[in-house]
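Chains A and B are the protein sequences, given in the same order.
Going left to right, the first sequence walks through residues 1 to 320 as this note's numbering numbers them.
Going left to right, the second sequence walks through residues 1001 to 1320 as this note's numbering numbers them.
A virtual CB, placed ideally from N, CA and C, is assigned to each residue, including glycine.
What follows is a set of notes on a single structure, which appears directly below.
Protein chains: 2
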Amino acid sequence: MAVYTEVPDGDLAQFIAEYDIGEPVSCKGIAEGVENSNYLLKTTKGTFILTLYEKRVKLEDLPFFIGLMQHLAGKGLNCPTPIADRQGQALKTLCGRPAALISFLEGMWPRRPTEKHCQALGAALADFHLKGRDFALRRPNNLSVEGWRQLIAATADRADEVEAGLGAKLAKEFAYLEAHWPKDLESGVIHADLFPDNVFFLNDKLSGIIDFYFACTDFLAYDLAVCLNAWCFQPDMSFNVTKAKLMFESYRRVRPIPEAEMQAMPLLARGAALRFLLTRLYDWLNHPPGAFVKPKDPMEYIRKLRFHQAARDIGAYGLK
Amino acid sequence: MAVYTEVPDGDLAQFIAEYDIGEPVSCKGIAEGVENSNYLLKTTKGTFILTLYEKRVKLEDLPFFIGLMQHLAGKGLNCPTPIADRQGQALKTLCGRPAALISFLEGMWPRRPTEKHCQALGAALADFHLKGRDFALRRPNNLSVEGWRQLIAATADRADEVEAGLGAKLAKEFAYLEAHWPKDLESGVIHADLFPDNVFFLNDKLSGIIDFYFACTDFLAYDLAVCLNAWCFQPDMSFNVTKAKLMFESYRRVRPIPEAEMQAMPLLARGAALRFLLTRLYDWLNHPPGAFVKPKDPMEYIRKLRFHQAARDIGAYGLK
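Printed below as a string of structure tokens:
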């Protein structure tokens, strides 16, 4: 839900004239993403997304994000592609902000993910992992173990406002994960935020993946753990093993999952749950009352984390 | 800036299937308007705006708004047209809210209105007035004299928080306007909110008028007074007589302005300034801190009102 920067018409016309994309026909701010300003731009030649990168995105990360989209689209992955201007530049400036014009991806994200959606997701995620293997840039995952340490420190004295004893539980969980976090699984480009609102479908067919602004270099299996959390719990927080099975089966058909990754999955799922729990907790504790962007409830991930903590092995997910 | 109601994909698909508009291809919440939830919907057959009417719009007013758009579009005015479903219904229900699917109007609103924009606006406003003359429904302007009385009462005890002495000045202005408000100018359908963000242009050519949700039955000349306020002041609040002249000249070429309307214009402009001053003041005093929709600064209209109060006659606007 976001338009932070208003683009004056003259500036927009001048910006668009630097591309070979025709004349502007309409330009509407869209309520999507919380990090950047996004406009849906129609021109006489097509439809595009115009993104202005706001303060939470680091300037030095943009070449990784833009380059990754170009790399993946070049390999035929269905994802938004940054458009180069007449000078060959894809990362530009508009209204004093870094900006990029990106191809428009058809489809809608599933508000109520079904088994079919989860099945399609598995194959798409594996395809993404394979196509990202030879991407040359690297970006550390700053929301992995070191990031959790910082978020725990930043929320420690107020975590119990959300639930009594939560601060101590988070510190204990962190100590466990830090001691047991895997070191030698296959690493590569991961999406790291593949929630339903970042996966588009057309008639139950997956039409593409969007929002690469958390993408980084980390264990491929961690992406699966994020998806277990984001796609396989029911609204009542019960775990749907059918969804997990279908997701993993279709993933495996594209990229076989090594045994070490399967064994690490409950731990990775705990880590992924802690990651989203901590950022939501931080936002929850630090948003101004009645804020522009309503923060997501951290309770959801407290409950998901409990499920993973109780999992003895991969069998708890209906997987083997 | 608004999406208050999230539409689940199943509900959306079912809704769209009731129309002859093809299959949905994408549906994005747009950051436009503050009253309703608006989605930009692309289907295999075209682009549409899907509006869900939220609480601030009265259900009993919707037939007037929807009927007016249909009437105007039927007469060839460039404005969004409500689309009827296979049963001939244009006003429907989605997610428990009144909803309408409306044709998409190309164009962009001018962030920095120029003389050319003002000139085009005059003719379009007159055209709108003529085409609205035989619209059968009526809707009183609840933001005219009686509405101001209520808003003054609702803001009286806190108006001075914005500027010392403001409450007394508003009461005095209201008493003057109430005593002198015209009674016998030509009445008809007016837009009543024709600000730059409701007028679209393509290459400096006016492509259409949107947002009829303040439209009502009132003096046609009052619409011109609203436009004087909304279009003819510079960012530094100085009045641009060239813009006013061009707007009035082009209006007159479509609908001659009776002498009584010209003489009443300074008074109507004071009323229009008071109307926007009061709603902004009310929203300013009553919004929660850091609210979802940032209220507009009432100071702008305090300054505009002062300009009109100092106007001896129509000559103060460069008009005659």
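Nearest neighbour of residue i, chosen from the options [CA to CA]
i	options	result
A/L177	A/G147, A/L267, A/L194, A/F214	A/L267
B/A1017	B/M1299, B/A1310, B/V1199, B/L1094	B/L1094
A/W148	A/A171, A/K131, A/L166	A/A171
B/K1028	A/I49, A/G132, A/E23, A/R280	A/I49
B/R1312	B/N1198, B/V1007, B/R1270	B/R1270
B/K1245	B/Q1150, B/Y1317, B/L1091	B/Y1317
A/N229	A/D157, A/L77, A/P113	A/P113
B/D1297	B/K1304, B/L1281, B/E1060	B/L1281
A/D236	A/V226, A/Q150, A/R303, A/A272	A/R303
A/N286	A/A156, A/L194, A/R252, A/W231	A/A156
B/R1358	B/A1126, B/D1011, B/P1098, B/L1041	The first residue shown for chain B is 1001 and the last is 1320, placing residue 1358 of chain B beyond what the model contains.
A/L12	A/K131, A/A175, A/G132, A/A99	A/A99
B/H1308	B/C1232, B/F1248, B/T1279, B/D1283	B/C1232
B/F1195	B/K1183, B/G1165, B/A1272	B/A1272
A/A310	A/L278, A/F239, A/K243, A/F248	A/F239
A/L305	A/R275, A/D283, A/P295, A/W284	A/R275
A/D193	A/V226, A/K205, A/G167	A/V226
B/P1063	B/R1138, B/P1024, B/Y1222	B/R1138
A/R111	B/G1165, B/D1283, B/L1319, B/G1010	B/G1010
A/E60	A/A73, A/L91, A/D223	A/L91
B/L1041	B/L1052, B/Y1222, B/S1026, B/M1299	B/S1026
B/K1320	B/W1284, B/T1242, B/F1015	B/T1242
B/R1097	B/D1223, B/L1143, B/F1015, B/A1073	B/F1015
B/E1115	B/K1205, B/L1052, B/R1158, B/L1143	B/K1205
A/L143	A/T43, A/D223, A/L166	A/D223
A/F321	A/H117, A/L52, A/W284	In this structure chain A extends from 1 to 320, so residue 321 of chain A is not present and cannot be described.
Contacting residues, own chain, Cβ-Cβ under 6 angstroms from residue i (five flanking each side not counted)
i	result
A/I314	M262, M265
A/R56	E35
A/N141	C216, D218
B/V1145	E1178, W1181
A/F250	According to the sequence as given, residue 250 of chain A is Ser; it is not Phe. Hits under 6 angstroms: Q119, G122, A123.
B/P1258	none
A/E6	none
A/Q89	none
B/G1132	G1188, V1189
A/K45	I21, G22
Other residues of its chain near residue i: CB distance less than 7 angstroms, five sequence neighbours each side excluded
i	result
A/F135	L68, H71, V189
A/L202	E106, G107
B/V1080	A small correction: the amino acid at residue 1080 of chain B is Pro; Val does not occupy that position in the sequence shown. Within the same chain, B/P1080 has close Cβ partners I1049, M1069, I1102, S1103, L1105, I1210.
A/Y19	I83, D85, R86, L101
A/E163	I302
B/Y1213	E1035, V1057, F1065
Distance cut-off 7 angstroms: residue i Cβ against heavy atoms of the ligand GDP
i	result
A/A311	Summarising the ligand content, the structure contains no ligands, and the ligand GDP is consequently not present.
9 angstroms Cβ cut-off: residues of chain A touching residue i
i	result
B/E1106	V25, S26, K42
B/G1010	R111, R112
Neighbouring residues, chain B, relative to residue i (Cβ below 7 angstroms)
i	result
A/L185	Simply none; closest approach about 34 angstroms.
A/E6	R1111
Residue i: contacting residues in chain B (beta-carbon distance under 9 angstroms)
i	result
A/L202	E1023, P1024, V1025, S1026
Same chain, Cβ closer than 8 angstroms to residue i, neighbours up to 5 away in sequence not counted
i	result
B/L1220	H1129, L1185, E1186, S1187, G1188, I1190, R1255, E1261
A/N198	W109, H191, I209, I210, D211
A/P8	C95
B/S1207	N1078, L1105, E1106, G1107, F1200, F1201
A/I152	L170, A171, F174, L278
Where the segment 1020-1035 of chain B meets chain A: residues whose CB sits under 8 angstroms from a CB there = E1023, P1024, V1025, S1026, C1027, K1028, G1029, I1030, A1031, E1032
Positions along the segment 54-70 of chain A whose CB lies within less than 9 angstroms of some CB in chain B = none
request  = Enumerate, from N- to C-terminal direction, the unbroken alpha helix (DSSP H) stretches of 4 or more residues contained entirely within the segment 1018-1095 of chain B.
outcome  = 1062-1074
message = Just to confirm the assignment: which complete alpha helix (DSSP H) runs, minimum length 4, are found wholly within the segment 90-140 of chain A?
response = 115-132
ask   = At what residue ranges does the segment 132-200 of chain A contain a whole run of the beta strand (DSSP E), taking only runs of 3 or more?
value = Inside the segment 132-200 of chain A, DSSP marks whole beta strand (DSSP E) runs of 3 or more residues at positions 187-190, from first to last along the chain.
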